[in-house]
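Some notes on the structure that comes next.
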Amino acid sequence: MISPSELLSIIAYCLFLAGAALSFQSGGSQSARLMMSAAVVLDMLMALLPSLGILPPMSHPGVNKSLVMCGVFLGLLVWILFAIALFLHHHPEPYNALILAVEILWFVDLMVFLYAVHR
863 MISPSELLSI IAYCLFLAGA ALSFQSGGSQ SARLMMSAAV VLDMLMALLP
913 SLGILPPMSH PGVNKSLVMC GVFLGLLVWI LFAIALFLHH HPEPYNALIL
963 AVEILWFVDL MVFLYAVHR
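Right, here's the structure in full:
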């Protein structure tokens, strides 16, 4: 069974995909950047709130901690690359390349994390 935190993380990724698609079509419009930023903030909240004690942590027996740590590293990399992309939004080629890299890394991050928790 999928937890609410996992569901919100998936929703955040889908929101980012929608924002990225809009960004590619509109040349990095402000509304697309805001949509992607909202998705990244939601993902950050889903990652940080359990450590602050606001949401219960996902407790699944048999969690592979090394895969979870790999997912955490990929998540941090996603956030950093997205921040760099925001600074480069006036330069279309590197901006689009970074947004594409964020899409791919976020997908890998989500799959690694879900595999680590549900295997």
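All residue numbers for the sequence shown refer to my numbering, where the first residue is 863 and numbers rise by one.
Cβ coordinates follow ideal geometry from the N, Cα and C atoms, glycine included.
Note that this is a predicted model, so its numbers are computed, not measured.
{"Query": "Between the CA atoms of R981 and I942 - distance to the nearest angstrom", "Result": "28 Å"}
{"Query": "Among V934, S865, Q892 and A874, the one whose alpha carbon lies nearest that of A901", "Result": "A874"}
{"Query": "L976 - containing alpha helix (DSSP H), residue span", "Result": "P954 to H980"}
{"Query": "Option in P954, V940 and S928 with minimal Cα separation from V970", "Result": "V940"}
{"Query": "From I864, I872 and R895, residue whose alpha carbon lies closest to that of L960", "Result": "R895"}
{"Query": "Proximal residues to Y957 (C-beta, below 7 Å), its chain only, five neighbours per side dropped", "Result": "G890, A947, L950 and H951"}
{"Query": "Sequence-distant residues of the same chain with beta carbon closer than 6 Å to M897, five excluded per side", "Result": "G881"}
{"Query": "Contact check, F975 vs G933, beta carbons under 8 Å", "Result": "yes"}
{"Query": "Within 8 Å, strictly: CB atoms of L929 and Y977", "Result": "yes"}
{"Query": "Buried/exposed call for S885, threshold 16 Cβ in 10 Å", "Result": "buried"}
{"Query": "Beta-carbon proximity list for L967, same chain, < 8 Å, skipping 5 on both sides", "Result": "L936, L939, V940 and L943"}
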